[in-house]
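Asker: Can you read through this structure? Questions will come right after.
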Amino acid sequence: MKLRRVKSSAVKAVGYDPERGWLEVRWIGQARVYRYSGVAAEVYEELLQAESIGAYVNERVKPHYLYEIVQG
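Each residue of the sequence shown is one higher than the one before, counting from 27 in the numbering used here.
Rendered as structure tokens:
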């Protein structure tokens with residue numbers, strides 16, 4: 027999946043696969059990519075529009091979706 031850079035002090039890049047419902051997040055300062063499963067397209071769109079992308083991931087993604095590390 028291709029990740030796109032985002033304007034954030036905590037998150038370097040994100041990617042989304044709508045067919046699989048995968049959201050991938052690469053944090054600044056980490057080589058790992060976290061893949062969250064079962065994420066709706068609306069959540070990804072909200073993430074891109076969030077005032078703070080890092081806070082959005084911490085509050086709306088991490089507590090609700092299972093993840094795996096896919097790179098690092």
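Ideal placement from N, C-alpha and C gives every residue a C-beta, glycine not left out.
It should be emphasised that the depicted structure is a prediction, and the values quoted were computed from it without experimental measurement.
How would you call Leu96, buried or exposed, if buried means at least 16 neighbouring beta carbons within 10 angstroms?
Answerer: Rather than Leu, the amino acid found at residue 96 in this sequence is Val. It counts as exposed.
Asker: Report the residue from Pro89, Gly41 and Val32 whose alpha carbon sits nearest the alpha carbon of Ala67.
Answerer: Gly41
Asker: Leaving out five residues on either side along the sequence, give the residues of the same chain with a beta carbon under 8 Å from the beta carbon of Ile54.
Answerer: Ser34, Ser35, Ala36, Val37 and Lys38
Asker: Note the first and the last residue of the continuous alpha helix (DSSP H) segment covering Gly41.
Answerer: Note, Gly41: premise wrong, no alpha helix (DSSP H); beta strand (DSSP E) at Val37 to Asp43.
Asker: Answer yes or no: the CB of Ile79 versus the heavy atoms of the ligand MN, is any distance below 7 Å?
Answerer: As far as ligands go, the structure on display features none, and thus does not contain the ligand MN.
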